[in-house]
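Chains as they are written, first to last, in my numbering: chain A, 1 to 203; chain B, 204 to 406. Here is the structure we will look at.
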DNA sequence: GTACTGGTGTGACCGTAATCACCCGCGCCG
DNA sequence: CGGCGCGGGTGATTACGGTCACACCAGTAC
């Protein structure tokens, strides 16, 4: 078991991480860097997910950094032990394979986002993906705990931090979202947010 | 065994494809669509690779389209049979796991590309990735057979077709690449292309 | 021959998001 | 307390890539 402070480096790129990281609490972000040093956001990790599982399959190095966006509680599971169990227990292989497949699907969705020409839509989609699954079809509002900063969102969406800020300003003016202190973002109008994300409405 | 003409749809998104597609000849492209209908290029498939393997692991539907960019020769392997073999032969699981991991690494690299602010660099990186692995460190030139069209490259890089054309015009003027008919692109100056891709030189 | 289509080449124009330069407010820490 | 750093907010400016509108050419179908 390991705890991380905000900004803590959970997994390092290039290193052969010999363990898999299961997230209990908090939020992590997979981050890569371009040749010229810009940050690129790849995915978010929410509680219940794990990351760093790539080496299990191909023995290669960890391809990207994983950073703690909030304080985080994780459990590290040594790969060697896991590989042995994998041999014996086909159930384990299945779970891990499903996890890998899920990550691939997630990255595909994220990549599609980047194709959207409308910037606000991009941000709204990303916001939508951060809303707890159970709340999405509810008619009442929802909230995102310890939401990513504008900067962290911007690198996910290939935008500048300022642009994200401006979109959020619009969303707040139209009373679609609302800040509740630094550590919580209220989604007051789920319906409209969804329509913005789907492009049925312009911001 | 199945053959596809250029533009043929190899795998359809949304469908539960119950087979895996191994590519013998030609080049395929994984393609998704944004909510507003724009094409997004996800990855290329080169001979020796396969695709459509996601369902093997999570029984979910195929997330994206796979299109033949050239005439293509493929072998379809029924998943059901494969799943049975997977149970018995741990070697098969390993190969498939490695394949999945490789795709994830590939998509990560591709995503990083999109973070590059310099457009020419983006195109050059993509070009570089299309060069046969064996030629990359050679001092002599190389070539890309049946290269993707400008359109197909543009959707991989979130650019417009015209922008890609203009970059290629530059590359040809500087005699870094050269067209050899419609079906072959000669890379005459590997060294410079690499430096452009790495950002050590401006176009 | 003509017509058509797909891939490419090119100019003009324009909108928009990046960039830069600030400011503010808050929390933290010595 | 003061100072600092981080996250957020905002205006002015501008470069750059998208879009549109063409033209061109090779292949091919009839």
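The beta-carbon is built from N, C-alpha and C at its ideal position, and this holds for glycine as well.
Query, Result
"Proximal chain B residues relative to residue 105 of chain A, where beta-carbon distance stays under 9 Å", "257, 261, 263 and 266"
"Assigned secondary structure, residue 252 of chain B (DSSP; H/G/I helix, E/B strand, else coil)", "coil"
"Run of the beta strand (DSSP E) containing residue 233 of chain B, from where it starts to where it stops", "231-236"
"C-beta atoms of residue 74 of chain A and residue 143 of chain A nearer than 8 Å", "no"
"Limits of the unbroken beta strand (DSSP E) element including residue 293 of chain B", "Segment 293-317 is the alpha helix (DSSP H) holding residue 293 of chain B; no beta strand (DSSP E) there."
"As assigned by DSSP and simplified to three states, the class of residue 170 of chain A", "helix"
"Residue 182 of chain A, enclosing beta strand (DSSP E) - first and last residue", "Careful: residue 182 of chain A lies outside any beta strand (DSSP E) and carries neither H nor E."
"DSSP three-state assignment for residue 74 of chain A, whether helix, strand or coil", "strand"
"First and last residue of the uninterrupted beta strand (DSSP E) at residue 215 of chain B", "Taken as a continuous stretch (DSSP letters only), residue 215 of chain B belongs to no beta strand (DSSP E), as it is neither H nor E."
"Residue range of the unbroken beta strand (DSSP E) whose run includes residue 68 of chain A", "65-68"
"Reference residue 206 of chain B; option with closest CA among B/270, B/242 and B/247", "B/270"
"Status (buried if at least 16 other CB within 10 Å, exposed otherwise) for residue 320 of chain B", "exposed"
"When A/91, A/56, A/95 and A/32 are compared against residue 48 of chain A, the one with the closest alpha-carbon", "A/95"
"Residues bridged to residue 223 of chain B [DSSP beta-bridge criterion]", "B/280"
"Same chain, Cβ closer than 8 Å to residue 341 of chain B, neighbours up to 5 away in sequence not counted", "393"
"Buried/exposed call for residue 85 of chain A, threshold 16 Cβ in 10 Å", "exposed"
"Delimiting residues of the alpha helix (DSSP H) encompassing residue 343 of chain B", "Unbroken run through residue 343 of chain B: none, as it is neither H nor E."
"Cβ contact check for the stretch 194-201 of chain A and the stretch 151-164 of chain A: 3 or more pairs under 8 Å", "no"
"Reduced DSSP secondary structure (H/G/I, E/B, other) of residue 406 of chain B", "coil"
"Residue-level contact to chain A via CB, residue 395 of chain B, 8 Å cutoff", "no"
"Positions along the stretch 282-301 of chain B whose CB lies within less than 9 Å of some CB in chain A", "289, 290, 293, 296, 297, 299, 300 and 301"
"Terminal residues of the beta strand (DSSP E) in which residue 122 of chain A lies", "Premise fails: residue 122 of chain A lies in the alpha helix (DSSP H), 119-130, not in any beta strand (DSSP E)."
"The alpha helix (DSSP H) enclosing residue 2 of chain A, as first and last residue numbers", "Element bounds for residue 2 of chain A: not the alpha helix (DSSP H) but the beta strand (DSSP E), 2-4."
"Proximity winner among A/77, A/154 and A/8, relative to residue 38 of chain A (alpha-carbon distances)", "A/154"
"Near-chain A residues of the stretch 338-368 of chain B (beta-carbon distance less than 9 Å), N- to C-terminal order", "358 and 361"
"Beta-ladder partner(s) of residue 57 of chain A, from DSSP", "The partner list for residue 57 of chain A (beta bridge, DSSP) is empty, contrary to what the question assumes."
"Where the alpha helix (DSSP H) containing residue 336 of chain B begins and where it ends", "Counting along the chain, residue 336 of chain B falls outside any alpha helix (DSSP H), and DSSP gives it neither H nor E."
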